[in-house]
Amino acid sequence: MRLDRRTFLGAAAAAALLPGPAAAQPIAPPDRELMVPTEGGRLYVRVNGRLDGQRPPILMIHGGPGGSHAGFLNALPLAEERGVVLYDQLDSGRSDHPGDLALWRVPRFVAEVGAVRSALGLERVHVLGASWGGTIALEYAARGPSGLASTILQSPLISTRSWLADAAALRRQLPPATQATLGVCESASPPPAEACEEATALFYRRFNRRRERPAAIQAYVEALPAGLNRRLYETMWGSSEFASTGTLRDYDGEPLLARLDGERTLFVVGQYDEARPATVADFASRVPGASFAVIEDAAHGIFNDNPEALLATLERWLRRHDAA
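Convert by adding 1131 to the 1-based position in the sequence shown; the result is the number in this note's numbering.
And the structure:
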């Protein structure tokens, strides 16, 4: 079964999602673009808003592995009062694609955050990581970097064990026939690929992205030089959400929770998130002083499903923690 949730984001199955906003806003062009050197190549970085304003900028880390910054385009309204920094991880999006498996290590991806900060001179910054980007943000924040105004872990992958447990629990909420199909798809004698893709797509429509991507963002995504890096995704994770066979199969960042600054850490998930609210709430409870928020009417792709509610939550959080 080859249809993973990142493929689903751009698949024809998206036509079955709930309608998106009636009138999608045009995507603001970047105020600045640059390529930042990192181990193995260069990172594409785009900036909107002022980096030298009164409020610290926010740096956002995309999911995947192998996704792109495009999932954060609905966050650009934040640039009205602070800088918004988006970037593509190495071998993703507009960044260089060396294709060297030796570079696909968690610590090297974490080092990209410091490289971007250094290139832009970000002495004080908020960091948001979504999904796999939440793994990177967790690892980065746990290292205690200077000038970290706050950390936002949006629908984060904290440990592979907990992620797979959530996927199994949500899978049991699907219709019995769909569950049966998924089981057969994982057997030695799977049915035609179309049946497996249809069953998997139902999971993603419920728990990953519940609304169509706005036309302007879809056009932006289609204009990127590279879509999902499937080789990177499958090498690090695997072929589907229901099993991890890649290098992240034993990943466990749960011990790092104790090293976070709870007063400056926000966990946020969607109401129907595949990173289940109950699971992420438990992670938050292990970080003394940490905050936890659930965005209603949203699945894993919160910036797509309910950007207004998420932005309102983020604006309140960021303003509260702008001061040193």
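We put the CB at the ideal spot given by N, CA and C, even for glycine.
Under the DSSP assignment, F1398 falls in the beta strand (DSSP E) whose first and last residues are T1396 to G1401. Bounds of the beta strand (DSSP E) holding T1282 are L1279 to Q1285.
N1179 sits in a strand when the DSSP states are folded into three classes.
Taking the CA atoms as reference points, A1455 sits about 26 Å from V1400. With fewer than 16 other CB atoms across the displayed protein chains lying within 10 angstroms of its CB, G1252 is exposed. Annotation: Y1218 to L1313 spans about 35 Å, alpha carbon to alpha carbon. Counting of Cβ neighbours within 10 angstroms places P1168 among the exposed residues, the total staying below 16. Straight-line spacing of the CA atoms in L1279 and A1201 works out to 24 Å. Under the DSSP definition of a beta bridge, S1371 partners with A1374.
In this structure, L1259 sits away from I1289, with a CB-CB distance that is not shorter than 8 Å.
Counting only the Cα atoms, P1196 lies some 11 Å from R1236. E1212: not part of any beta strand (DSSP E); DSSP gives it neither H nor E. Annotated three-state conformation of D1297 is helix, per DSSP.
Around the beta-carbon of P1287, 16 or more other beta-carbon atoms lie within 10 Å, marking it buried. Counted as a single uninterrupted DSSP element, the alpha helix (DSSP H) harbouring I1267 occupies residues W1263 to A1273.
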